[in-house]
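>
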């Protein structure tokens, strides 16, 4: 939670902007801007821009608190700017998340179903 989407980055794409560390990354047509707090170096804001479609995702992480030896943001504001497929006009979706008592587990994920061996992914 609240980590850069790509672990590896080129240190030449690192700068200081408004007292935050800005690390720029790129994955195919997606430009990724990671804004880290210059004091505790936790991710404060993540911007993703699809250069092909112009769609934009912004996640702002707020109020980091220690939980089970991990620093965890209590608040997240998620904003998506995109072109609506039906109206073909700019649209915006905003989600605000507040965690009150997050629980962490190291149990392996299990799902109540099994993908058949005959399944093939469509391309």
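In my numbering, the protein residues as written are 4 to 126.
For every residue, glycine included, the Cβ atom is placed at its ideal position computed from N, Cα and C.
Cα separation between residue 72 and residue 47?
Inter-residue distance for residue 72 and residue 47 is about 19 Å (C-alpha atoms, whole angstroms).
> Residue 94 to residue 57, Cα distance in whole Å?
12 Å
> Taking the C-alpha atoms as reference points, what is the distance between residue 40 and residue 23?
If you take the alpha carbons of residue 40 and residue 23, they lie about 5 Å apart.
> Applying the criterion that 16 or more other CB atoms from any shown protein chain within 10 Å of the CB defines a buried residue, is residue 64 buried or exposed?
buried
> Comparing alpha-carbon positions, which option in 112, 34, 67, 109 lies nearest residue 102?
It is 67.
> Roughly how many angstroms lie between the CA atoms of residue 70 and residue 78, to the nearest whole one?
14 Å
> What does the alpha-carbon distance come out to for the pair residue 4 and residue 75?
Bear in mind that the predicted position of residue 4 carries a pLDDT of just 49, short of 50, making it too unreliable to give a figure here.
> Between which two residues does the beta strand (DSSP E) carrying residue 80 extend?
73-86
> Which class does residue 37 belong to by DSSP, given the choice of helix, strand or coil?
strand
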